[in-house]
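In this note's numbering, the protein residues as written are 208 to 331. Following: one structure in structure tokens, then a few remarks.
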Amino acid sequence: MEVAQGNLLLMEATYLELVSNIRALVQSNQDLEEALTAEPNDLDFQQAVKENTYIVLKKREQLVNLVTDMRRMGGNIDIPPDIQQMNLDLKGTAGDVTQEPVVANNLVRVEEEGTGGEEEGVYL
Numbered sequence: 208m209e210v211a212q213g214n215l216l217l218m219e220a221t222y223l224e225l226v227s228n229i230r231a232l233v234q235s236n237q238d239l240e241e242a243l244t245a246e247p248n249d250l251d252f253q254q255a256v257k258e259n260t261y262i263v264l265k266k267r268e269q270l271v272n273l274v275t276d277m278r279r280m281g282g283n284i285d286i287p288p289d290i291q292q293m294n295l296d297l298k299g300t301a302g303d304v305t306q307e308p309v310v311a312n313n314l315v316r317v318e319e320e321g322t323g324g325e326e327e328g329v330y331l
């Protein structure tokens, strides 16, 4: 996000990307939750939900910081209501999502700062 610092046009593009990524990851988690009802012991699905939750939390934090910076620069922007109202169900993983998840070899690795764009997360 540092590239966009100070340039409202670039910040707006970053804003749109973050909003899109958050929504896609939340939808992916909903799909994974459905898959888990059919296969509740699938460790890959369980790990994917944890990873996506971690990434959503990081991206939401980035979005809040970005919106704050944009407002300081005179931008008239807010966090979309659906993202403001998101209640991430951590399902007992609160300790797990505060750190980078341990990723199985066959799953996508989560980057610490979340700079990888749309390829981050695990999509079903």
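Virtual Cβ for every residue (Gly too), placed ideally from N, Cα, C.
Quick one: Cα of residue i to Cα of residue j, how far?
{"i": "glutamine 306", "j": "threonine 260", "result": "Reliability of the predicted coordinates at glutamine 306 is poor, the pLDDT of 45 falling under 50, and the value obtained from them is presented with this limitation in mind. Distance between the alpha carbons of glutamine 306 and threonine 260 is about 11 angstroms."}
{"i": "proline 247", "j": "glycine 281", "result": "48 angstroms"}
{"i": "leucine 270", "j": "glutamate 241", "result": "27 angstroms"}
{"i": "asparagine 294", "j": "valine 233", "result": "10 angstroms"}
{"i": "threonine 221", "j": "asparagine 272", "result": "12 angstroms"}
{"i": "threonine 244", "j": "arginine 279", "result": "45 angstroms"}
{"i": "arginine 239", "j": "aspartate 249", "result": "In the sequence on display, residue 239 carries leucine and not arginine. So the two alpha carbons sit approximately 10 angstroms from each other."}
Going by Cα to Cα distance, which pick from the options is closest to residue i?
{"i": "isoleucine 229", "options": "Arg267, Gln291, Asp276, Gly213", "result": "Arg267"}
{"i": "methionine 218", "options": "Gln292, Leu250, Asn283, Ser235", "result": "Asn283"}
{"i": "glutamine 237", "options": "Phe252, Glu224, Arg279", "result": "Phe252"}
{"i": "glutamine 291", "options": "Asp276, Leu215, Val263, Thr244", "result": "Val263"}
Give the C-beta separation of residue i and residue j to the nearest angstrom, bearing in mind that I take them to be a contact with Cβ-Cβ under 8 angstroms.
{"i": "aspartate 285", "j": "valine 274", "result": "6 angstroms"}
Answer with buried or exposed for residue i, where buried requires no fewer than 16 other C-beta atoms within 10 angstroms of its C-beta.
{"i": "glutamine 254", "result": "buried"}
{"i": "leucine 216", "result": "exposed"}
{"i": "leucine 223", "result": "exposed"}
{"i": "serine 204", "result": "Because the chain here runs from 208 to 331, residue 204 falls outside it and cannot be looked at."}
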